[in-house]
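Protein chains in written order, with this note's numbering: chain A, 1431 to 1645; chain B, 1431 to 1645; chain C, 1431 to 1645; chain D, 1431 to 1645. Reading through the structure tokens given below for one structure.
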DNA sequence: AATGAATGAGTATTCATTCAT
DNA sequence: GATGAATGAATACTCATTCAT
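Written as structure tokens, this is what we have:
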């Protein structure tokens, strides 16, 4: 049954890759990409140096895979959280932002990694990251477009606002030395939502979202 | 006249340092810090390798000096621009943000450099950068505090809002691949001001700042 | 059979180290430690630069290993030669000294190396060299102590005499430009033995060792 | 009076050279020749780097001058001390050896320097050092030859014995870690004289030199 | 005579990548 | 599939020497 064997091989291959990527993220968070030697990575991952080259084309490919991995896991969790918030676009937006910050909070260093090492990648790699970022932002963007359409939000450019929200969410990691001492995640999220939604929600509907708008 | 000689020496020394730092920023924007070899830097700066070590302690010290240099030039220009905007805190805030984005626009790569390479620095170096960032933000923070005091702005935490504004301004450089194709600097600034001030200005005074609040 | 593999690895490792040390001694005798570049050493040893650092911690560690290696080989040969000379302490001493000079004669440059480069080593390395020197001298010292005990030698301090003998033996290498033109090794050894033993052997027993005392 | 000016110049030149050589010996004793940078030497000597090259041809020339300087000062003091000991060759020899060790004791590091760094010098420089060593040894050699001629000493080869004496004297510096803990200079000298003279003095005259021969 | 800024060749060490086993 | 020994190009930093002032 060669199909079964193939399947087994494929699963093992995936688990090896994961093993390496997890180790890579761990090492790079400690030391940065350039300071991570392939021998150190092999040690951390518990495999031989040679094997790294069986599963990845080289060091940069590992970086790209690690970053994509992180961004993937971000994107996967956004849509479900927004579903749970129901149909109202403002509620969905708030829920999406909240979840995004929560995800970031669980792995602040991973976010820093994407900011720090993006430039290290080849143009092709950078392109893939951008596409993934756009894809991640899609549910937020949809809620914004919906809200504007339904007159619940001011006629703002969704492409602007969605990136603002992402930047502010990233800010929780990028400027954690500033925010962490004065805010909990929960308080940070509430305050940001109150501030941003005040600019986003159409004046006529502000009362309906009082619970979100008041810090 | 040893005083004169000393002065001459000091001036020459400063000009040498500037020569090196300018070259360093140029090379690092092209290739990143780690990819910049000291020989390449020396070539770009038009000095010998050995001389780099007369003026700086080593490679990392050059990075730190370059980053501080960039941040310094940012901070220097903010306060004057806000002075010109007159006494009204909302107008001052808007003018400060506008100028900040304009400065960033002139040297987007420099901003990227500070985000990318901060982690490369020693803790002491990172600390100095943070302090400089706080100092840079001070005028914006003052305008916010003033606006809240005078009841022109909602009772928001200035420490939150000022970092939001900085993040959004940095966004012009960090996400230029997203914003630049769809916005001019001017349009970007207007849109961001319209969005953020809507959340900041107290409802009772919104009409007064209509010219800023409508995109 | 992992044991076999380990053994093979260990043997290969040892042979590699030897290969490098032999080359190091050769190069350093020609040029001195500081003038020996790691690339030159690698070339002489027929290995790559990188491999040097797999087998040794660095340049200084190679120097230490080389010097210890030389001293080791000295020490190993002294005791057997003295055994052969029988039980008489004077005969043993003479035989030991003779062999010591003969060993030195085979590798004069190695002795010079230990004198020249000892100071280059770390204090810990120097300490190990001293200990090895003391260990090397032990058989000579034992013969002296025995001779004094048995009344065959004057009541001299063995710690003084043994170091005198070693210095004079080293002299064959240190001052070879002086001695080599006027003495063969054999003649040098005979003359030194005749001179020193005259001072060492107790007057009452001098006749018995006439064959050693007359040059 | 150009002669006077020349003389002044010459004296200043000599004092500058001495200033540099003293500094060089001091630095090299601390760190060794190769570790001494010309800039460090200039600093220690209190002159500029450029000036070093006015007074010496280069780094190696400074080493040679320093070593010759040391050896000179050794040689200068030997003959007078032997004169004071009177006409007897055995007494002269003992006095010469004693003074030699005393000189060495005052500057052990200088002796080590000559052993360590001789190989660093060019063949021509090494040649000059050998000649100086022979010249230094001349008074000792004369006493030996005289003693043999007058029948006070055994018919030993003066060229052998004189180098033995020098080696043993140098041993006080070379092996100070061995001797210093167990001997004072005075005790070391007495013991060595007792040992060596026992081998040198003709049996018929041993009683006359009992005061030297018994430790 | 004296300075010290400037040079650039030289070098120990690291590390991504390969490949025989 | 898996290993890890071996490679050698790349690079930060040093320092003897020069020379304009």
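All C-beta atoms, glycine included, are put in the ideal place defined by N, C-alpha and C. Only a predicted model underlies this, so the values are computations on that prediction, with no experimental measurement involved.
Determine which residues share a DSSP beta bridge with residue i and list them.
i, result
"residue 1458 (chain A)", "Paired residue(s): none; residue 1458 (chain A) is not in a bridge."
"residue 1583 (chain D)", "D:1631"
Can you tell me the Cβ-Cβ gap for residue i and residue j, rounded? I've got them flagged as a contact below 8 angstroms.
i, j, result
"residue 1482 (chain C)", "residue 1468 (chain C)", "6 angstroms"
"residue 1599 (chain C)", "residue 1534 (chain C)", "6 angstroms"
"residue 1562 (chain B)", "residue 1458 (chain B)", "That belief does not hold up - the Cβ atoms of residue 1562 (chain B) and residue 1458 (chain B) are roughly 18 angstroms apart, past 8 angstroms."
"residue 1541 (chain C)", "residue 1567 (chain C)", "That pair is no contact at about 14 angstroms."
"residue 1487 (chain B)", "residue 1629 (chain A)", "No, residue 1487 (chain B) and residue 1629 (chain A) are not in contact; Cβ-Cβ is about 47 angstroms, not under 8 angstroms."
"residue 1607 (chain A)", "residue 1560 (chain B)", "6 angstroms"
"residue 1558 (chain A)", "residue 1498 (chain A)", "7 angstroms"
Please work out which residues of its chain come closer than 7 angstroms, Cβ to Cβ, to residue i, disregarding the five sequence neighbours upstream and downstream, and give them in chain order.
i, result
"residue 1431 (chain B)", "Since pLDDT at residue 1431 (chain B) reaches only 44, below the 50 mark, its modelled position is unreliable, and the value read off the structure follows with that caveat. Excluding residues within five positions, none has a Cβ falling inside 7 angstroms."
"residue 1624 (chain A)", "1642, 1643, 1644 and 1645"
"residue 1576 (chain B)", "1519"
"residue 1512 (chain D)", "1522, 1525, 1526, 1569 and 1573"
Might you give, ordered along the chain, the residues of its own chain that have their beta carbon closer than 8 angstroms to the beta carbon of residue i, omitting 5 neighbours on each side?
i, result
"residue 1516 (chain A)", "1522"
"residue 1485 (chain C)", "1443, 1446, 1447 and 1450"
"residue 1588 (chain D)", "1571, 1574, 1575 and 1578"
"residue 1496 (chain C)", "1451, 1454, 1455, 1458 and 1543"
"residue 1627 (chain B)", "1520, 1523, 1524, 1639, 1642 and 1643"
"residue 1553 (chain D)", "none"
"residue 1604 (chain A)", "1541, 1542 and 1545"
"residue 1609 (chain D)", "1601, 1602 and 1618"
"residue 1439 (chain B)", "none"
"residue 1441 (chain B)", "none"
"residue 1479 (chain A)", "1468, 1469 and 1472"
"residue 1594 (chain C)", "1626"
Taking 6 angstroms as the limit between beta carbons, can you name the residues of its chain near residue i, skipping five residues before and five after?
i, result
"residue 1551 (chain B)", "1494"
"residue 1597 (chain C)", "none"
"residue 1619 (chain A)", "1528 and 1531"
"residue 1537 (chain A)", "none"
"residue 1555 (chain D)", "1494"
"residue 1500 (chain A)", "1540"
"residue 1437 (chain D)", "none"
Is it the case that the CB of residue i approaches a heavy atom of the ligand FMN more closely than 6 angstroms?
i, result
"residue 1523 (chain D)", "This structure lacks the ligand FMN; in fact it carries no ligand of any kind."
| task | Evaluate contact between the segment 1452 to 1465 of chain D and the segment 1540 to 1560 of chain D, counting only Cβ atoms and requiring at least three cross-stretch pairs below 8 angstroms. | result | yes
| query | Is the number of C-beta pairs between the segment 1494 to 1508 of chain C and the segment 1607 to 1624 of chain C that are closer than 8 angstroms three or more? | reply | No contact exists between the segment 1494 to 1508 of chain C and the segment 1607 to 1624 of chain C.
| task | Would you check if there are 3 or more beta carbon pairs closer than 8 angstroms linking the segment 1449 to 1456 of chain C to the segment 1473 to 1481 of chain C? | result | yes
| message | Closer than 7 angstroms between beta carbons: that is the criterion. Which residues of the segment 1500 to 1523 of chain B meet it against chain A? | response | none
| On the three-pair Cβ rule with 8 angstroms, is the segment 1624 to 1636 of chain D touching the segment 1575 to 1588 of chain D? | Put simply, the segment 1624 to 1636 of chain D touches the segment 1575 to 1588 of chain D. At least three CB pairs are less than 8 angstroms apart.
| query | Is there contact here, the segment 1526 to 1539 of chain D with the segment 1482 to 1497 of chain D, by at least three beta-carbon pairs under 8 angstroms? | reply | no
| When Cβ atoms are compared, which residues of the segment 1553 to 1581 of chain A fall closer than 7 angstroms to chain B? | Residues 1560.
| request: Below 7 angstroms between beta carbons is the criterion; list the residues of the segment 1620 to 1641 of chain D that meet it against any residue of chain C, in chain order. | output: 1621, 1625, 1626, 1628 and 1629
| Contact residues within the segment 1582 to 1597 of chain B, judged by C-beta distance below 9 angstroms to chain A | 1584, 1585, 1586, 1587, 1589, 1590, 1591, 1593, 1594, 1596 and 1597
| said: Using a Cβ-Cβ cutoff of 9 angstroms, what residues of the segment 1601 to 1618 of chain D are near chain C? List them in chain order. | reply: 1601, 1604, 1605, 1607, 1608, 1609, 1612, 1613 and 1618
| Which residues, in order along the segment 1458 to 1469 of chain A, keep a beta-carbon less than 7 angstroms from a beta-carbon of chain B? | The segment 1458 to 1469 of chain A vs chain B, Cβ under 7 angstroms: 1462 and 1464.
| query | Using a Cβ cut-off of 9 angstroms, which residues of the segment 1537 to 1551 of chain A contact any Cβ in chain B, in chain order? | reply | So the close ones are 1542, 1545, 1546, 1547, 1548, 1549 and 1550.
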